[in-house]
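Enquirer: Attaching a single structure in structure tokens format; questions to follow.
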Amino acid sequence: MASIRAGHPPGEAFRVLARKTLTAAAKDLKAVGVGGSVHLARKRLKFMRSLLRFIRHALGRRNFKTANSRLRSAAAVLAAARRAEALQQAVVRLQADQEVLLPELAELASIAIQVHGERATPAALQVATAEARRIVATVRGDVAHWPLAKRDMGLFLRGLTDAYGRARRKLLEGLSSGGIATLHEARKSVIHHLHQLEMLKPLWPGMIRMWAGELLKLREALGDLNDLDELEALAIGQGPRFSSDAARDHVLQAIAARRANLVNRVRGQADHLFAEKPKAFARRIGAMWQVMLA
Numbered sequence: 315m316a317s318i319r320a321g322h323p324p325g326e327a328f329r330v331l332a333r334k335t336l337t338a339a340a341k342d343l344k345a346v347g348v349g350g351s352v353h354l355a356r357k358r359l360k361f362m363r364s365l366l367r368f369i370r371h372a373l374g375r376r377n378f379k380t381a382n383s384r385l386r387s388a389a390a391v392l393a394a395a396r397r398a399e400a401l402q403q404a405v406v407r408l409q410a411d412q413e414v415l416l417p418e419l420a421e422l423a424s425i426a427i428q429v430h431g432e433r434a435t436p437a438a439l440q441v442a443t444a445e446a447r448r449i450v451a452t453v454r455g456d457v458a459h460w461p462l463a464k465r466d467m468g469l470f471l472r473g474l475t476d477a478y479g480r481a482r483r484k485l486l487e488g489l490s491s492g493g494i495a496t497l498h499e500a501r502k503s504v505i506h507h508l509h510q511l512e513m514l515k516p517l518w519p520g521m522i523r524m525w526a527g528e529l530l531k532l533r534e535a536l537g538d539l540n541d542l543d544e545l546e547a548l549a550i551g552q553g554p555r556f557s558s559d560a561a562r563d564h565v566l567q568a569i570a571a572r573r574a575n576l577v578n579r580v581r582g583q584a585d586h587l588f589a590e591k592p593k594a595f596a597r598r599i600g601a602m603w604q605v606m607l608a
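For the sequence shown, our numbering begins at 315 and goes up steadily by one.
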């Protein structure tokens, strides 16, 4: 994904990045109609929502809520189209964790297609992408009117601090309580934090590239936890579709074992990536930003 331009005042840099991101999202959505990836289009929309959180204190409450609501709607219309594909990929990762081949997991993948596959038909994709493109065009038209202070870095650092702080807090809560639902909330904020860090790559390219790489591993582990919850709900809710109760139970056991491994992985990664308190993190990034602009 793109980053701010080195040397540009913060407000100008974010306005340019917003236009660039939305233009790329529109192209991604157009490409879906000729075999392009829905996943790539959704990633671009998530990146743009992370940018909104970076600049929310400069935008003001109304502008932020309007743009965020629109982009969330655009992502939602695409989500159903990719659900079957994402769940099948989650089954592949689940099988990779097993010492032996579990035929029951092939049953689970088949059930995912039966339940969600009809939403990924060409006709459904065409309707979804057309609606998403309309929304993206509307938001892009608003960018020129966003009240982004050119040089007040403090407003933007507040947005950065918010995303980092929420990710840190939710990770600590989820890991302390064992609450998977809280870790799902943490995942959303980790994604925003990762995207925001990627936007700041010009501050120190080599270091941020490495840092973002470690955050990506954490995000993927949290995403796998989310997918496991969906697979578990599918296995329980669609129990009669399995060849036997034993087959379903084997699937649920495999899911539980992988979940435990993933939680341990998340704990080890989060301890290092979120060791700093939010204000200390923001001061360090702010100092690096000042150096880049000097």
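Here a beta-carbon is modelled for each residue, glycine too, at the ideal position from N, C-alpha and C.
(1) Just reading off the alpha helix (DSSP H) that V504 is part of, what are its end residues?
(2) Taking the runs of the alpha helix (DSSP H) that are 4 residues or longer, which of them lie wholly in the stretch 405–431?
(3) Give me the Cα-Cα distance between R533 and G582, rounded to the nearest whole angstrom.
(4) Should the stretch 397–411 be regarded as contacting the stretch 368–381, the criterion being three or more beta carbon pairs within less than 8 Å?
(5) Leaving out five residues before and five after H498 in sequence, what residues of the same chain have Cβ atoms less than 6 Å from its Cβ?
(6) In the DSSP assignment, find the alpha helix (DSSP H) that holds K344 and state where it starts and stops.
(7) Please classify S558: is it buried, with 16 or more other beta-carbons within 10 angstroms of its beta-carbon, or exposed?
(8) Apart from the five residues on each side of it in sequence, which residues of its chain come closer than 8 Å, Cβ to Cβ, to E528?
(9) Starting from D466, trace the alpha helix (DSSP H) both ways and give me its first and last residue.
(10) From what residue to what residue does the alpha helix (DSSP H) around F556 run?
(11) By a C-beta neighbour count over all protein chains shown, 10 Å radius and 16 as the cutoff for buried, is A458 buried or exposed?
(12) Express the C-alpha separation of A338 and V391 in angstroms, rounding to a whole number.
(13) So, with DSSP's three-state summary, where would you put G374?
(14) Leaving aside the five residues before and after S503 along the sequence, list all residues of the same chain whose C-beta is less than 7 Å from its C-beta, in chain order.
(15) Out of A547, I449, H564 and E544, which one is the CA nearest neighbour of G415?
(16) Quick check: what's the CA-CA separation for A332 versus S364?
(17) Classify M524 as buried or exposed, calling it buried when 16 or more other Cβ atoms lie within 10 Å of its own Cβ.
(18) Do T443 and V346 count as a contact pair if the criterion is CB distance below 8 Å?
(19) Using the beta-carbon count (16 or more within 10 Å), is P519 buried or exposed?
(20) Rounded to whole angstroms, what's the CA-CA distance from H509 to L474? Just pull it up for me.
(21) Suppose contacts are defined by Cβ-Cβ distances below 8 Å. Is R384 in contact with I427 by that definition?
Expert: In short, the structure shows the following:
(1) I494 to M513
(2) 417–430
(3) 13 Å
(4) No: fewer than three Cβ pairs fall under 8 Å.
(5) Taking C-beta separations shorter than 6 Å and ignoring five residues to either side along the sequence, the partners of H498 in its chain run N540, following chain order.
(6) P324 to V346
(7) exposed
(8) Beyond the five residues adjoining it in sequence on each side, E528 comes within less than 8 Å, by CB distance, of Q583, H586 and L587 in the same chain, given in chain order.
(9) That residue, D466, is in no alpha helix (DSSP H); it is neither H nor E in DSSP.
(10) It is not in any alpha helix (DSSP H) - F556 carries neither H nor E in the DSSP assignment.
(11) exposed
(12) 18 Å
(13) coil
(14) A477, R480, A481 and K484
(15) The sequence shown places Leu at residue 415, not Gly. Sorting A547, I449, H564 and E544 by C-alpha distance to the C-alpha of L415 places H564 at the top.
(16) A332 and S364: Cα-Cα distance of roughly 11 Å.
(17) exposed
(18) yes
(19) exposed
(20) 10 Å
(21) Not closer than 8 Å, so no.
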